[in-house]
Amino acid sequence: MLYYIVTDLVLCSYTVKRGRRKVMYPTRQEAEALLVDAGKCNPGPWEDHSRVTAHCAERIARACQGMDAEKAYVAGLLHDIGRKFGVKHLGHVYDGWKYMCRLGYDEVARICLTHSFNEGVLEGYIGKFDITAAQTEELRQALGRIELDDYDRLIQLCDSLAGAEGVMNMEERMLDVKRRYGNFPQSKWDKNLELRAYFEQKTGADIYLIVEDGKQVIAEGSKENERNSND
Ligand SMILES: [Fe+2]
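In this text, residue positions in the sequence shown follow this note's numbering: the first is 6, and each later residue adds one.
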């Protein structure tokens with residue numbers, strides 16, 4: 006616990022004024038360091054899944070007018086950061102949201118909160134409700150206050166495209182989730198297809214063509230990991 010508090014306090018100082026506005030998300034390098042640190046606490050395929058999500062988000066945001074590709078990358082990289090605190094289902098949403106709030110990264114915190122609910126409601130969660138009733142209510146109220154924006158939608162889409170080994174066919178990825186969790190509501194499935202159509206309309210291109218090279222991201226992420234562990 007003390008380790009987390011000290012790390013949080015150190016990382017808090019990274020919330021700085023970049024350009025003309027005070028941004029509430031870390032730089033790309035800071036986000037990568039947060040992911041590496043989290044991976045040491047709870048190693049797993051979620052780390053590479055996060056890198057692939059970030060890659061997809063950056064590519065798609067770059068193809069959309071008015072979206073910040075750096076913010077999209079950081080949001081994708083940290084959307085599952087709550088997994089730092091152990092193997093949990095809904096708990097990872099709660100932990101990630103709280104962790105990013107503690108660091109002052111509110112724009113990432115909302116992504117941690119919204120990424121699992123493409124229909125905008127808590128009831129749409131597929132996994133176990135492994136947090137307390139009070140925490141569940143806290144999440145429900147916070148989610149209710151958010152009007153989903155294009156960054157929320159983008160990370161929901163990319164989460165459904167990103168496997169741990171690279172970009173996946175969206176339907177295969179949803180079938181994989183269905184196999185692992187035993188359930189995938191049709192409305193949630195349809196919403197993901199709707200999100201893909203939304204961003205294809207915005208970019209005017211096939212999403213799979215925009216996000217190609219996902220495997221390269223894993224290779225680069227692993228090299229980065231090696232460099233960090235040799236430091
Ligand atoms: Fe994810």
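Positions of the beta carbon are idealized from the N, C-alpha and C atoms, including for glycine.
On the CB-based measure, 16 or more other CB atoms within 10 Å of its CB, does residue i come out buried or exposed?
{"i": "A59", "result": "buried"}
{"i": "E152", "result": "exposed"}
{"i": "N188", "result": "exposed"}
{"i": "L214", "result": "exposed"}
{"i": "C237", "result": "Lying before the first or after the last residue shown, residue 237 is absent from the chain, which here runs from 6 to 236."}
{"i": "E63", "result": "buried"}
{"i": "D53", "result": "buried"}
{"i": "N197", "result": "buried"}
{"i": "E37", "result": "buried"}
{"i": "G109", "result": "buried"}
{"i": "A202", "result": "exposed"}
{"i": "N123", "result": "buried"}
{"i": "K133", "result": "exposed"}
{"i": "R115", "result": "buried"}
Taking only the alpha-carbon atoms, compute the straight-line gap between residue i and residue j and give it to the nearest angstrom.
{"i": "F204", "j": "G44", "result": "30 Å"}
{"i": "Y104", "j": "E112", "result": "12 Å"}
{"i": "T141", "j": "A68", "result": "36 Å"}
{"i": "I65", "j": "A139", "result": "37 Å"}
{"i": "S55", "j": "G81", "result": "6 Å"}
{"i": "E35", "j": "D85", "result": "15 Å"}
{"i": "M179", "j": "V41", "result": "26 Å"}
{"i": "V216", "j": "P48", "result": "25 Å"}
{"i": "G125", "j": "S165", "result": "16 Å"}
{"i": "R145", "j": "S192", "result": "19 Å"}
{"i": "S121", "j": "V28", "result": "24 Å"}
{"i": "A147", "j": "G171", "result": "32 Å"}
{"i": "Q206", "j": "T137", "result": "40 Å"}
{"i": "H94", "j": "A210", "result": "34 Å"}
{"i": "R185", "j": "I212", "result": "25 Å"}
{"i": "D195", "j": "R107", "result": "34 Å"}
{"i": "L39", "j": "E176", "result": "30 Å"}
{"i": "C117", "j": "D154", "result": "14 Å"}
{"i": "A74", "j": "K89", "result": "25 Å"}
{"i": "D173", "j": "K183", "result": "The sequence given here places Met at residue 173; Asp does not occur at that position. Cα to Cα, M173 sits roughly 15 Å from K183."}
Quick check: residue i and residue j, are their CB atoms within less than 8 Å of each other?
{"i": "D157", "j": "T119", "result": "yes"}
{"i": "Y99", "j": "R33", "result": "no"}
{"i": "D135", "j": "G71", "result": "no"}
{"i": "P50", "j": "A169", "result": "yes"}
{"i": "G101", "j": "G87", "result": "yes"}
{"i": "L127", "j": "L162", "result": "no"}
{"i": "K76", "j": "Y30", "result": "yes"}
Compare the C-beta of residue i with all C-beta atoms of chain B and state if any pair is closer than 8 Å.
{"i": "T32", "result": "No chain B appears in the structure shown, which is made up of a single protein chain."}
Is the closest heavy atom of ligand 3 to the C-beta of residue i under 7 Å?
{"i": "A139", "result": "In the structure on display, ligand 3 does not appear, and the ligands it does have are ligand 1."}
Would you list the residues whose beta-carbon is nearer than 5 Å to any heavy atom of ligand 1, in the order they occur in the chain? In chain order, the hits are D85, D164.
Complete beta strand (DSSP E) runs within the region 75-142 (minimum length 3 residues, chain order): The region 75-142 contains no whole beta strand (DSSP E) run of 3 or more residues.
Entirely within the region 24-58 and at least 4 residues each: give me those alpha helix (DSSP H) ranges in chain order. Complete alpha helix (DSSP H) runs here, min 4: 33-46.
Every unbroken alpha helix (DSSP H) inside the region 169-196 [4 residues or more]: Complete alpha helix (DSSP H) runs here, min 4: 175-186.
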